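S.K.: Residues -13 to 292 (our numbering) make up the sequence shown, in order.
Could you have a look at this structure, given as structure tokens, before my questions?
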Amino acid sequence: MQRNLIMGLAIGYTFEKIKPFVLSLIKCQYKGKLVLIADNNLYIPPEVKMQLDIDILFEPVFRKTIFKRLLGKLLMQKPAQTAAHNYLQANIGGFKSKFIKHFIYLYERQTARYAYYYNYLINNEVYDKILITDVRDVVFQQNPFLGLDSILAVFREAPGVKLIDQSHNRAWIEQGFGKKVLNQMASEPIFCSGTIMGTYDGILNFLRAFMKTCIEHKIPLNILGMDQGIFNYMIFCNVIPFAEKYDNGNIVLTINSELEDKIELENKLLTYNKYTPNILHQYDRVERFNKSFYSDAYFKSGQICL
């Protein structure tokens, strides 16, 4: 029997905030391990723990303490950024614990989480398939790993949207890699860093490549969401040639308001473009979907009320 793993960062979330994520996993009878990196805000009810193999890792390094806030302000200064980058570059060899520890501490947590995932994976059991995912805006319709045969699976966002058209993605590329690279990537589709899947080796190799890209390009340490820019750069430059690209809706559907009228309900499952996705991401971008997944009717019956 396969042993699979789902990992996500849930810092700052209460159970109510991630209720659709957790309960939808139970509804689709997920039998693998769920690991959430959290803080003291997250309390999982005992009746939920009885139905899921779930570990909550309380990790203080991700908490925004006064010291971390001061460090963040310091790292906005170029000399401090340069010193931090030089230190990380000098210690990257072999991705040893010292490097991982400081990568996690110095980078903004959405980027730092990749090093944390890596550290967890190399220090725990070997899993067959792994999903590293956002938590607050993700729900599961069926076994998340159904139909996954790739070493590494990366998922496009909405079709027809170019990187240059989306202000946040445009900014992340320019801030991380410069105007020249942005111009080269202007017409590229956008891939979502919020849901990445693969085999144990595939995910480990991706995580090493991600950290190496951060260090080689001296990626800014304190920009929120920068991991998405790094991820898209890696795909564009073929840094992860073993990655298989999936259309939006195939395994994962990343939702936005423009797709709302193209999403249909069949047998209590949302479908899009002839796909029945295992995972729905960013469902809260459409208000009626958001209300449905937080409704009592959904939690009691699993039926989406549209």
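Note that CB positions come from ideal geometry on N, CA and C, so glycine has one too.
The structure displayed is predicted, hence computed values, not measured ones.
1. Can you give the Cα-Cα distance for ASN236 and ASN264, rounded to whole angstroms?
2. Using the Cβ count rule (16 or more neighbours within 10 Å means buried), how would you classify SER173?
3. So within the region 45 to 119, which uninterrupted alpha helix (DSSP H) runs reach at least 4 residues, ignoring any that extend past its ends?
4. Anyone know if the C-beta pair for GLY162 and GLY215 falls short of 8 Å?
5. Would you list the residues sitting across from VAL124 in a DSSP beta bridge?
6. Mapping DSSP to helix, strand and coil, what is MET197?
7. Quick check: what's the CA-CA separation for GLU45 versus SER83?
8. Using the Cα positions of ARG99 and GLU252, report the straight-line distance between them to the nearest angstrom.
9. With respect to the alpha helix (DSSP H) encompassing GLU244, which residues constitute its N-terminal and C-terminal limits?
10. Could you tell me whether the region 148 to 162 touches the region 112 to 120, where touching means 3 or more Cβ pairs closer than 8 Å?
11. Does the beta-carbon distance from PHE85 to LEU92 come in below 8 Å?
12. If you measure between the beta carbons of VAL121 and ILE249, is that distance less than 8 Å?
13. TYR(-1): buried (16+ other C-beta within 10 angstroms of its C-beta) or exposed?
14. For PHE131, which of PHE279, LEU(-9), ARG95, SER278 has the nearest alpha-carbon?
15. Under the rule that 16 or more other beta-carbon atoms within 10 Å means buried, what is MET297, buried or exposed?
16. Considering Cα atoms alone, identify which of GLY188, LYS277, GLY58 is closest to ASN208.
17. May I have the straight-line CA-CA distance separating GLY146 from ILE52, to the nearest angstrom?
18. Determine, using beta carbons only, whether LEU293 and LEU43 come nearer to each other than 8 Å.
19. Would you kindly work out how many angstroms separate the C-alpha atoms of LEU190 and LYS254, rounded to a whole number?
20. Measuring only the C-alpha atoms, how far is GLN(-12) from PHE275?
21. Between which residues of its own chain and GLY188 is the CB-CB distance below 7 Å, once the five residues before and five after are set aside?
22. Span of the alpha helix (DSSP H) holding PHE163?
23. With DSSP as the reference, identify every bridge partner of LEU138, one or two as the case may be.
24. By a C-beta neighbour count over all protein chains shown, 10 Å radius and 16 as the cutoff for buried, is THR68 buried or exposed?
25. Do you know offhand how far PHE177's Cα is from THR119's?
26. Can you list, in chain order, the residues of its chain whose CB lies under 8 Å from that of TYR29, leaving out five sequence neighbours each side?
27. Check GLY(-6) in the structure and name its three-state DSSP category.
28. Could you check the C-alpha separation between ASP247 and TYR258 for me, to the nearest Å?
29. Would you list the one or two residues that DSSP bridges to PHE177?
M.R.: A quick look at the data gives this:
1. Position 250 of the sequence shown holds residue 236. Position 278 of the sequence shown holds residue 264. Those two C-alpha atoms are separated by around 8 Å.
2. Start at 1 with the first residue of the sequence shown, and residue 173 comes out as number 187. The residue is exposed, with fewer than 16 neighbouring Cβ atoms inside 10 Å.
3. Complete alpha helix (DSSP H) runs here, min 4: 52 to 60, 64 to 77, 83 to 92, 95 to 108.
4. One-based indexing of the sequence shown puts residue 162 at position 176. One-based indexing of the sequence shown puts residue 215 at position 229. Yes, Cβ-Cβ distance for GLY162 and GLY215 is below 8 Å.
5. Against the sequence shown, residue 124 aligns to sequence position 138. Partner(s): HIS267.
6. Here residue 197 refers to the residue found at position 211 of the sequence shown. The answer is helix: DSSP assigns MET197 an H, G or I state.
7. Taking the sequence shown and counting its residues from 1, one reaches residue 45 at position 59. Taking the sequence shown and counting its residues from 1, one reaches residue 83 at position 97. For GLU45 and SER83, the distance between alpha carbons rounds to 16 Å.
8. Residue 99 sits at position 113 when you count from the first residue of the sequence shown. Residue 252 sits at position 266 when you count from the first residue of the sequence shown. Taking the straight line from one Cα to the other gives about 36 Å.
9. Here residue 244 refers to the residue found at position 258 when the sequence shown is read from its first residue. Unbroken run through GLU244: none, as it is neither H nor E.
10. no
11. On the sequence shown, position 99 is the one that residue 85 refers to. On the sequence shown, position 106 is the one that residue 92 refers to. No. Outside cutoff.
12. For the purposes of this step, residue 121 is taken as the residue at position 135 of the sequence shown. For the purposes of this step, residue 249 is taken as the residue at position 263 of the sequence shown. No, the pair does not count as a contact, with Cβ atoms beyond the cut-off.
13. Position 13 of the sequence shown, counting from 1, holds the residue named residue -1. It counts as buried.
14. As a first step, residue 131 is located in the sequence shown; it is residue number 145 there, counting from the start. Nearest option by C-alpha distance: LEU(-9).
15. Nothing about residue 297 can be reported from this structure: the residues present for the chain run from -13 to 292 only.
16. Within the sequence shown, residue 208 is the residue found at index 222, counting from 1. When only C-alpha atoms are compared, the closest one is GLY58.
17. Translated into positions along the sequence shown, residue 146 becomes position 160. Translated into positions along the sequence shown, residue 52 becomes position 66. Looking at the two C-alpha atoms, the distance is approximately 43 Å.
18. No answer is possible for residue 293: the residues shown for the chain start at -13 and end at 292.
19. To locate residue 190, count along the sequence shown from 1; it is residue 204. To locate residue 254, count along the sequence shown from 1; it is residue 268. Cα-Cα distance, rounded: 35 Å.
20. Numbered from 1 along the sequence shown, position 2 holds the residue referred to as residue -12. Numbered from 1 along the sequence shown, position 289 holds the residue referred to as residue 275. Their backbone Cα atoms lie some 32 Å apart in a straight line.
21. Position 202 of the sequence shown, counted from the first residue, corresponds to residue 188. Around GLY188: ILE137, LEU138, PHE228.
22. Counting from one through the sequence shown, the residue named residue 163 turns up at place 177. Counting along the chain, the alpha helix (DSSP H) containing PHE163 begins and ends at 153 to 163.
23. As a position in the sequence shown, residue 138 is number 152, starting the count at 1. Answer is GLY184, ALA229, bridged to LEU138.
24. One-based indexing of the sequence shown puts residue 68 at position 82. Exposed, since its Cβ has fewer than 16 Cβ neighbours within 10 Å.
25. Locating residue 177 in the sequence shown gives position 191, where the first residue counts as 1. Locating residue 119 in the sequence shown gives position 133, where the first residue counts as 1. Computed Cα separation, rounded: 13 Å.
26. As a first step, residue 29 must be located in the sequence shown, where it is residue number 43. The answer, listed in chain order, is THR0, PHE1.
27. Numbered from its first residue, the sequence shown carries residue -6 at position 8. GLY(-6): strand per DSSP, three-state reduction.
28. As a working mapping, residue 247 is identified with position 261 in the sequence shown. As a working mapping, residue 258 is identified with position 272 in the sequence shown. When rounded, the distance between both Cα atoms is 10 Å.
29. Position 191 of the sequence shown holds residue 177. Answer by DSSP bridge pairing, in chain order: ARG142.
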